[in-house]
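To start, the structure itself, in structure tokens.
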Amino acid sequence: MIESKVLPTDYVTKPADLVTSTGRSLRTDEMIINMGPQHPSTHGVLRLEIVVDGEIVVDVIPHIGYLHRCFEKHAEHMTNYQQVIPYADRMDYVASMNNDWGYALAVERLLKIQVPPRVEYIRVIMAELQRIASHLIALGTFGIDMGAFTPFLWCFRDRERILDLFEMTCGARLLYNYIWVGGVSHDLPAKFVERAKDFCAYFKPKIKEFNDLLTYNEIFIKRTANVGVLPRDIGINYACSGPMLRGSGIDWDLRRDDPYGVYNDVEWEVQIGRGEMGTVGDVWDRFIVKVREMEQSVRIIEQALAKIPDGNVQAAIPKRIRPDAGEIYVRTESPRGELGFYIISDGTTSPYRVKARSPAFANLSVIHEIARGCMIADLVAIVGSTDIVLGEVDR
Amino acid sequence: MEQLFQSLAGNPIVVSVLLALPPLIFILLYALVTVYLEMKIAAHMQDRVAYMRTGWHGVLQPVADMLKLIQKEDIIPSSGDKILFILAPYLIFMGTYAGFAAIPFSPAYVGSNVNLGVFYIVAATSIVVVGLLMSGWASNNKWSLLGSMRSAAQLVSYELPTILAILVAVMLTGSLNLQEVIQAQAGGFWNWTVFGGGSVSVVQKIFLLPFTITSFLILFTASLAEVNRTPFDLPEAESELVQGYNTEYSGMKFAIFYLSEYANMFLVSAVATCLFLGGWQSPFGEALNGPFWGVFWLVLKGMGFVVLQIWIRWTLPRLRVDQLMYTSWKVLTPMLFVCIFAVGFILVL
Amino acid sequence: MSPQEIHDNLKAKFGSDVAEAKLDAPQPWIRIEPDKVEGVARFLRDEPVFQFDYLSCLSGVDYNDGRLGVVYHLCSTTLKHSIVLKAICTKEQPHVQTVSAVWGTANWHEREAFDMIGIRFDGHPDLRRILCPDDWEGHPLRKDYKVPEFYDGMRVPY
Numbered sequence: 000m001i002e003s004k005v006l007p008t009d010y011v012t013k014p015a016d017l018v019t020s021t022g023r024s025l026r027t028d029e030m031i032i033n034m035g036p037q038h039p040s041t042h043g044v045l046r047l048e049i050v051v052d053g054e055i056v057v058d059v060i061p062h063i064g065y066l067h068r069c070f071e072k073h074a075e076h077m078t079n080y081q082q083v084i085p086y087a088d089r090m091d092y093v094a095s096m097n098n099d100w101g102y103a104l105a106v107e108r109l110l111k112i113q114v115p116p117r118v119e120y121i122r123v124i125m126a127e128l129q130r131i132a133s134h135l136i137a138l139g140t141f142g143i144d145m146g147a148f149t150p151f152l153w154c155f156r157d158r159e160r161i162l163d164l165f166e167m168t169c170g171a172r173l174l175y176n177y178i179w180v181g182g183v184s185h186d187l188p189a190k191f192v193e194r195a196k197d198f199c200a201y202f203k204p205k206i207k208e209f210n211d212l213l214t215y216n217e218i219f220i221k222r223t224a225n226v227g228v229l230p231r232d233i234g235i236n237y238a239c240s241g242p243m244l245r246g247s248g249i250d251w252d253l254r255r256d257d258p259y260g261v262y263n264d265v266e267w268e269v270q271i272g273r274g275e276m277g278t279v280g281d282v283w284d285r286f287i288v289k290v291r292e293m294e295q296s297v298r299i300i301e302q303a304l305a306k307i308p309d310g311n312v313q314a315a316i317p318k319r320i321r322p323d324a325g326e327i328y329v330r331t332e333s334p335r336g337e338l339g340f341y342i343i344s345d346g347t348t349s350p351y352r353v354k355a356r357s358p359a360f361a362n363l364s365v366i367h368e369i370a371r372g373c374m375i376a377d378l379v380a381i382v383g384s385t386d387i388v389l390g391e392v393d394r
Numbered sequence: 000m001e002q003l004f005q006s007l008a009g010n011p012i013v014v015s016v017l018l019a020l021p022p023l024i025f026i027l028l029y030a031l032v033t034v035y036l037e038m039k040i041a042a043h044m045q046d047r048v049a050y051m052r053t054g055w056h057g058v059l060q061p062v063a064d065m066l067k068l069i070q071k072e073d074i075i076p077s078s079g080d081k082i083l084f085i086l087a088p089y090l091i092f093m094g095t096y097a098g099f100a101a102i103p104f105s106p107a108y109v110g111s112n113v114n115l116g117v118f119y120i121v122a123a124t125s126i127v128v129v130g131l132l133m134s135g136w137a138s139n140n141k142w143s144l145l146g147s148m149r150s151a152a153q154l155v156s157y158e159l160p161t162i163l164a165i166l167v168a169v170m171l172t173g174s175l176n177l178q179e180v181i182q183a184q185a186g187g188f189w190n191w192t193v194f195g196g197g198s199v200s201v202v203q204k205i206f207l208l209p210f211t212i213t214s215f216l217i218l219f220t221a222s223l224a225e226v227n228r229t230p231f232d233l234p235e236a237e238s239e240l241v242q243g244y245n246t247e248y249s250g251m252k253f254a255i256f257y258l259s260e261y262a263n264m265f266l267v268s269a270v271a272t273c274l275f276l277g278g279w280q281s282p283f284g285e286a287l288n289g290p291f292w293g294v295f296w297l298v299l300k301g302m303g304f305v306v307l308q309i310w311i312r313w314t315l316p317r318l319r320v321d322q323l324m325y326t327s328w329k330v331l332t333p334m335l336f337v338c339i340f341a342v343g344f345i346l347v348l
Numbered sequence: 000m001s002p003q004e005i006h007d008n009l010k011a012k013f014g015s016d017v018a019e020a021k022l023d024a025p026q027p028w029i030r031i032e033p034d035k036v037e038g039v040a041r042f043l044r045d046e047p048v049f050q051f052d053y054l055s056c057l058s059g060v061d062y063n064d065g066r067l068g069v070v071y072h073l074c075s076t077t078l079k080h081s082i083v084l085k086a087i088c089t090k091e092q093p094h095v096q097t098v099s100a101v102w103g104t105a106n107w108h109e110r111e112a113f114d115m116i117g118i119r120f121d122g123h124p125d126l127r128r129i130l131c132p133d134d135w136e137g138h139p140l141r142k143d144y145k146v147p148e149f150y151d152g153m154r155v156p157y
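In structure tokens, the structure reads:
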């Protein structure tokens, strides 16, 4: 177990304590700035009210809700459990497959049905492709936050290939509505397996190229190491999850710790931050965890493609889904972390209550703890490294 | 050239105006070319193709951009300081343009052959800081203010390594007049200041080499900071400060900011070229030398550095404010003190 | 630790504050009196045999029979077991003790439950609306919620 250090906030001067020999206080006025809702580096419509003393951030107050689209209210008002899936798509719009799966899995557990093995493999392949696509956006935009523009477009170039795969599977490039309760909407197209294998072969060297350009760049390391350190106890206390929590050195991945799908049938490793460039849980650790997870995802995809069985892609489910009255909380590992769906059924054909526990919501709520005392440029790095998608924060 | 204009026009005021025109025309043409170059280089580094529709491979795009910027509505923040707001971009452009006056484009043409040419350029470009502060303050926008404060701090800090690096070249060539500095580097590229200069013995040259090359690299680094290019583009760090000091500007005023930024890129490159790389001197001794070849060589060398700046910009991330200051005061400046001391010591021996 | 043992332990420590339990459900839950939640939560977090350090989810629920509920999904990152807590209050007295001092993440989740369901969390440091605008009226996820005709002069139903 790796011990985390206390957050180094010592470089914050305490202006109130500094007094000249004539007794004059050296305290300067603090300035309140609104970062967002329209700001290039808040990754959407996040508004951060920041109190700054010069360039040093004294306090951060996040304001969210600008992208609130009433997911839970919509879900309650649907006439059918399946109809919620397009709304789940739109929660985290860069990782729709994972959202679909999370919701579908929750309903399946509520119905107590098992999906055919082919479906499990298709879902794992889709979810891991989506994880790579989502991480590529996270890493690329983080590069922009650091002032490096080129990695961003390299990431998008590679993501485009994944979207092409999705497009040939289900016709859509962003919001798929592909994973349904009891299966997937239709089977993999011809040649998909081949093309996905091509992609894996293409993508592996690209990760190295990306690392050479950005990850191990001296300036980049200087900007990210020892910045925004999230100590492990605070990370757990704020229920951070995903790469954010693993970056702090906590070996916690729901794909392994709360198994679903066929993740146990393939070989892969949980990646954690080790503080290679600075302190455990700094921005660089969170970054490298995402990079290494992409490698692991490629591993998973390759094995799943090799093992995928033939068979049906829809379980035998009734035309109108009508679970028994009851409730279930199912959590899956989305690219951002623990995506939970708490569904209460009252025995009718539509859910009585759906609560979506989004990982970005919890990850963002810790920001005032780790951003205090950093500089404005560091705040941008921290927000970028938490990898929030506002569609998911606000739902 | 001055004599030529003198005989053509006769009136000294007309002569001054005529002498001032070539740099302005050059800046405008150069900006169009560089905007296009930057977009194309950036695009190809990023696996894209950039503009393809306006003319052959989009060559007319900079013209279209310029026309668009001229047509755009000019917005002045109602709560800002109107006079300063309007004045700031022109002041910045003035500082840059004034710097061009002392750049010798060829043996026959220099806008103003002042004896303290190098010193004059450093002084004239410092006006830019005032313009930046004015634009940040007058915008009445906190991001602009932060950006202009950053840029003022940055320019002042990086002025020091720039001047110290210039000092190394001046020590080796023995003049502050840029024409004379260039003439001292005549006779092929091995006589350029970056390789020890033309007036020293071979043994001295060998000892000078590490220090002159270091000074030159530092001058180049500091000039990146002077023109706010990555990795020192903090004043207009898009992801942090929206757009820095020119957030509130639009239309023609924004175009002028843009123009002076690009002009500044060439100015610092030209100064570095004149001081360390022989300015308009041909690299092959007397071959291909002369008034017209001189323009060619200076522009070629200058553009080389502009392209290098573009390359760096699209490769590196940017530094943080404290790291920026650290680089200037604790790395570049002490290294230059060592260089100056060593160069002086070797010259005395 | 099995849900039965957790329940027995809590019962022994808190007695009648542990009001009710359903341990044969797919996800067993234990109901706590709404004004005793924080003590139970702290006990569950700090006791070495429980170590419920991770609050996965906190949801507000309107049961549409005059009762409002708060559901806590807890798990332990070290012992890897989980349990569900519930606190039920009435619509007339929608007060539940806050657990934001126990788990930091509860701060925002409780704000959301307040915003959407209208549960007041006693002792919460910053109980403001989080997703809806500050001047929004009513709590949208209550079952008897009526969408307002106008908000700030803008027509809401479209």
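Residue numbers (numbering that gives the first Met the number 0), protein chains in the order written: chain S, 0 to 394; chain U, 0 to 348; chain C, 0 to 157.
C-beta atoms are modelled at their ideal positions from N, C-alpha and C, and glycine is treated no differently.
Given that a residue counts as buried once 16 or more other Cβ atoms are within 10 Å of its Cβ, and exposed if not, what is Y102(S)?
buried
Which residues in chain S have a C-beta closer than 7 Å to the C-beta of I118(C)? List them in chain order.
Using a Cβ-Cβ cut-off of 7 Å, I118(C) is close to nothing in chain S; its nearest Cβ partner there is about 13 Å away.
If contact means a Cβ-Cβ distance below 8 Å, which residues of the segment 206 to 222 of chain S contact chain U?
L212, L213, N216, I218, F219, K221, R222
L57(C) - containing alpha helix (DSSP H), residue span:
Per DSSP, L57(C) is not a residue of any alpha helix (DSSP H); the beta strand (DSSP E) it occupies stretches across 53 to 61.
Is it true that the CB of D61(C) sits closer than 8 Å to the CB of I116(C)?
I116(C) places its beta carbon less than 8 Å from that of D61(C).
On the premise that P88(U) lies in contact with Y248(U), defined as a C-beta separation below 8 Å, what is that separation, rounded to the nearest angstrom?
7 Å
Between which two residues does the alpha helix (DSSP H) holding C338(U) run?
332 to 347
Determine the burial state of Q92(C): buried for a count of at least 16 other Cβ atoms within 10 Å of its Cβ, exposed for fewer.
exposed
Residues near Q242(U) by beta carbon distance below 7 Å, same chain, minus five either side:
E235
Could you tell me whether the segment 127 to 135 of chain U touches the segment 83 to 99 of chain U, where touching means 3 or more Cβ pairs closer than 8 Å?
yes
Take L73(C) and list the residues in its own chain whose beta-carbon comes closer than 8 Å to its own, dropping the five residues that flank it on each side.
So the list reads L43, F51, Y53, L54, S55, S81, I82, V83, L84, once near-sequence residues are dropped.
Identity of the residue in D264(S), N263(S), G325(S), A224(S) nearest V279(S) by Cα
Ranking the options by Cα distance to V279(S), first place goes to A224(S).
In whole angstroms, give me the CA-to-CA distance for F194(U) and V14(U).
Cα-Cα distance, rounded: 38 Å.
Which residues does DSSP list as the beta-bridge partners of I87(C)?
Here I87(C) is bridged, per DSSP, to G68(C).
Proximity test, Cβ basis, 8 Å: R228(U) and chain S:
Answer no: the Cβ-Cβ gap between R228(U) and chain S never drops below 8 Å.
Is A63(U) helix, strand or coil when you go by DSSP?
helix
Could you check how far apart the C-beta atoms of F198(S) and R160(S) are, in whole angstroms? I think they sit under 8 Å.
5 Å
Neighbouring residues, chain C, relative to G53(S) (Cβ below 8 Å):
Ordered by position in chain C, no residue passes the 8 Å Cβ test against G53(S), which lies about 27 Å from the chain.
What number of angstroms, rounded off, separates the C-alpha of K21(C) from the C-alpha of H76(S)?
28 Å
What does DSSP give as the partner residue(s) for N33(S) in the beta ladder?
E48(S)
Less than 8 Å between the C-beta atoms of A224(U) and Y119(U), yes or no?
no
Three-way DSSP call (helix, strand, coil) for D256(S) in this model
helix
What span of residues does the alpha helix (DSSP H) with K81(U) cover, start to end?
81 to 99
What is the rounded straight-line gap between the Cα of E148(C) and the Cα of R141(C)?
17 Å
Mind checking the segment 76 to 100 of chain C against chain S and listing, in chain order, the residues whose C-beta falls within less than 9 Å of any C-beta there?
T76, K79, S81, V83
Which of helix, strand or coil DSSP assigns to Y328(S):
strand
Local Cβ density within 10 Å of V305(U), reported as buried at 16 or more and exposed below that
buried
Compare the C-alpha of N79(S) against each of N33(S), K205(S), E368(S), D345(S) and name the closest.
For N79(S), the nearest C-alpha among the options comes from D345(S).
Partner residues on chain S for V60(C), Cβ-Cβ distance less than 7 Å:
I343, R352
Shorter than 7 Å, the distance from the beta carbon of M302(U) to the closest heavy atom of the ligand FMN, or not?
Because no ligand of any kind appears in the structure shown, any question about the ligand FMN cannot be addressed here.
I'd like to know if the segment 332 to 346 of chain S and the segment 354 to 373 of chain S are in contact, where contact means that at least 3 CB-CB pairs between them fall below 8 Å.
yes
Near T229(U), which residues of its chain fall below 7 Å by C-beta distance, leaving aside the five closest residues on each side in sequence?
Apart from sequence neighbours up to five positions away, the residues of its chain that approach T229(U) with a beta-carbon distance below 7 Å are I311, R312, L315, R317, ordered along the chain.
Can you tell me where the beta strand (DSSP E) with L338(S) in it begins and where it stops?
Its beta strand (DSSP E) spans residues 336 to 344.
How would you call W100(S), buried or exposed, if buried means at least 16 neighbouring beta carbons within 10 angstroms?
buried
Hey, does P25(C) have any beta-carbon neighbour from chain S nearer than 8 Å?
yes
Going along chain S, which residues have a C-beta under 9 Å from P139(C)?
C69, E71, K72
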